[in-house]
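Enquirer: Numbering (the numbering used here), first residue to last: 534 to 869.
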């Protein structure tokens, strides 16, 4: 037998072995993705009130579910009917992502408004110079940060003063830092369940008094956020009749059932005046909106944008605000 015929037999044999394995792998991949999809849909319906389901709820947000159905459509491309079904599912979930995570509300900001930014600085892992350059570029009146570095208080204050002149620097502990173009009082320390925390501080900027509650909720997905968020709500609800911002890394999606007790007194800034895509983590492909700013009804949020950065894996939340002298506008009114 010629060498050419031997090569042909070898190729045929190898192809014959590989095709069944490829098909076996494809079938089990499809089954696994379908199981994930079902779990994700059930979790979306149940949300995160039940611990256990909450893990799936956090792990499979709508953009990932849309990605799963798109992958299924590609895997089933040889069957037009099945591929079309998954493509339709992708389209429906994509519409859900647009409805849930995109806002195109008008920018009502004016030059007199206060500019506020919240940011998780990712433990300064991207480098001090890059982080501080990013902060200076915002030209904000109030900048609240978590994971903004640890160290001796006076040394950190001096370092921030040098890098960001023109701000009063408040080192609030546990990596929480506040920069204000104005005055700030003494912070109240709130330590919550299993490592979650908040710092409460009164500020005065451009003659406007503003309460800030800066939040850093524990990121462990295998711990319930319910106790910590319950403690946070006990702290912020008594402040609801004053101009108050609750801003932080909640490590909890904005549509979480655990945040419902916050909504009677506070509105999510992005729901009131958001522009663009809501998800904040993880850069470069964010799928979860876990960084929030909530405003009391005494504050008029005139714009809210989630910025892009290379200096952290979290998008900064930037908003402009003014004192609310008009009838209160809630997020539900905006939707209507």
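A virtual CB, placed ideally from N, CA and C, is assigned to each residue, including glycine.
#1: Candidates 800, 817, 791 and 857: which alpha carbon is nearest residue 579's?
#2: Can we say the region 631-643 touches the region 607-620, given the rule of at least three CB pairs closer than 8 Å?
#3: According to DSSP, which residues form a beta bridge with residue 737?
#4: Pick out the complete beta strand (DSSP E) segments inside the region 764-825, 3 residues or longer, and give them in chain order.
#5: Report buried or exposed for residue 562, applying the criterion of at least 16 other Cβ atoms within 10 angstroms of its Cβ.
#6: Can you confirm whether the region 748-761 touches the region 582-589 when touching is taken to mean that 3 or more C-beta pairs between the two stretches lie within less than 8 Å?
#7: Closer than 6 Å by C-beta to residue 598: which residues in its own chain qualify, once you throw out the five before and the five after it? Chain order, please.
#8: Could you have a look at residue 866 and say whether DSSP puts it in helix, strand or coil?
#9: Which residue from 833, 837, 831 and 798 puts its Cα closest to that of residue 810?
#10: Note down the Cα distance separating residue 771 from residue 691, rounded to an integer number of angstroms.
#11: Assuming residue 642 is part of the beta strand (DSSP E), what are its boundary residues?
#12: Write down the C-beta distance between residue 783 and residue 750 rounded to the nearest angstrom, noting that I regard them as a contact closer than 8 Å.
#13: Shortest alpha-carbon distance to residue 767 belongs to which of 781, 795 and 753?
#14: Between the beta-carbon of residue 823 and the beta-carbon of residue 842, is there less than 8 Å?
#15: Among 669, 665, 730 and 715, which one has its Cα closest to the Cα of residue 764?
#16: What does a CB cutoff of less than 6 Å around residue 678 pick up in its chain, not counting 5 residues either side in sequence?
#17: Please determine, among 689, 566 and 745, the residue with the shortest C-alpha to C-alpha distance to residue 773.
#18: Mark residue 732 as exposed unless 16 or more other C-beta atoms lie within 10 angstroms of its C-beta, in which case mark it buried.
#19: Please check the pair residue 851 and residue 663, which I expect to be a contact at CB under 8 Å, by giving their CB distance rounded to whole angstroms.
#20: In terms of residue numbering, what span does the alpha helix (DSSP H) encompassing residue 513 cover?
#21: For residue 826 versus residue 806, is the C-beta distance shorter than 8 Å?
#22: Among 821, 739 and 699, whose alpha-carbon lies nearest the alpha-carbon of residue 589?
#23: Measure how close the beta-carbons of residue 707 and residue 665 come, nearest whole angstrom, since I'm counting them as under 8 Å.
#24: Grab me the residues of residue 738's own chain with a C-beta within less than 7 Å of its C-beta, minus the 5 sequence neighbours each way, in chain order.
#25: I need the DSSP call for residue 617, collapsed to helix, strand or coil.
#26: Identify the residues that DSSP records as bridge partners of residue 837: which are they?
Expert: According to the structure data:
#1: In the chain shown, counting from the first residue as 1, residue 579 sits at position 46. Out of 800, 817, 791 and 857, 791 has the C-alpha closest to the C-alpha of residue 579.
#2: no
#3: Taking the first residue of the chain shown as 1, we reach residue 737 at position 204. Partner(s): 716 and 742.
#4: 777-782, 799-801 and 807-810
#5: Reading the chain shown from its first residue, position 29 is the one you call residue 562. So residue 562 ends up on the exposed side.
#6: yes
#7: As a position in the chain shown, residue 598 is number 65, starting the count at 1. Taken in chain order, the residues that qualify are 573 and 626.
#8: By 1-based counting over the chain shown, the position of residue 866 is 333. For residue 866, the predicted model reports a pLDDT of 49, less than 50, meaning its position is unreliable; a value from the coordinates is still stated below. In this structure, residue 866 counts as helix in the three-state DSSP scheme.
#9: Numbered from 1 along the chain shown, position 277 holds the residue referred to as residue 810. Closest by alpha carbon: 837.
#10: By 1-based counting over the chain shown, the position of residue 771 is 238. By 1-based counting over the chain shown, the position of residue 691 is 158. Each residue's Cα considered, the two are about 34 Å apart.
#11: For this step, residue 642 is matched to residue 109 along the chain shown. Residue 642 -> no beta strand (DSSP E), and no H or E assigned at all.
#12: One-based indexing of the chain shown puts residue 783 at position 250. One-based indexing of the chain shown puts residue 750 at position 217. Confirmed, Cβ separation roughly 5 Å.
#13: Translated into positions along the chain shown, residue 767 becomes position 234. Residue 767 has its Cα closest to that of 795, out of 781, 795 and 753.
#14: Sequence index remark: in the chain shown, residue 823 carries index 290 (1-based). Sequence index remark: in the chain shown, residue 842 carries index 309 (1-based). Their beta carbons are not under 8 Å apart, which means residue 823 does not touch residue 842 by this criterion.
#15: The residue given as residue 764 occupies position 231 in the chain shown. Residue 764 has its Cα closest to that of 730, out of 669, 665, 730 and 715.
#16: The residue labelled residue 678 in the question sits at position 145 within the chain shown. Correct list, in chain order: 652, 654 and 710.
#17: For this step, residue 773 is matched to residue 240 along the chain shown. Looking at the Cα atoms, 745 is the closest of the given residues.
#18: Taking the chain shown and counting its residues from 1, the one referred to as residue 732 is at position 199. Per the 10 Å Cβ criterion, buried.
#19: The residue given as residue 851 occupies position 318 in the chain shown. The residue given as residue 663 occupies position 130 in the chain shown. That pair is no contact at about 18 Å.
#20: Because the chain here runs from 534 to 869, residue 513 falls outside it and cannot be looked at.
#21: Within the chain shown, residue 826 is the residue found at index 293, counting from 1. Within the chain shown, residue 806 is the residue found at index 273, counting from 1. Not a contact, by the Cβ cut-off of 8 Å.
#22: Position 56 of the chain shown, counted from the start, is the residue given in the question as residue 589. Considering only alpha carbons, the answer is 821.
#23: The residue given as residue 707 occupies position 174 in the chain shown. The residue given as residue 665 occupies position 132 in the chain shown. Actually they do not touch by this definition, with Cβ atoms about 20 Å apart.
#24: Working through the chain shown from its first residue, we reach residue 738 at position 205. 647, 674, 675, 713, 714 and 715, listed in sequence order.
#25: Locating residue 617 in the chain shown gives position 84, where the first residue counts as 1. In the structure shown, residue 617 sits in a helix (DSSP, three-state: H, G or I).
#26: Locating residue 837 in the chain shown gives position 304, counting from the first residue. According to DSSP, residue 837 bridges with 807 and 852.
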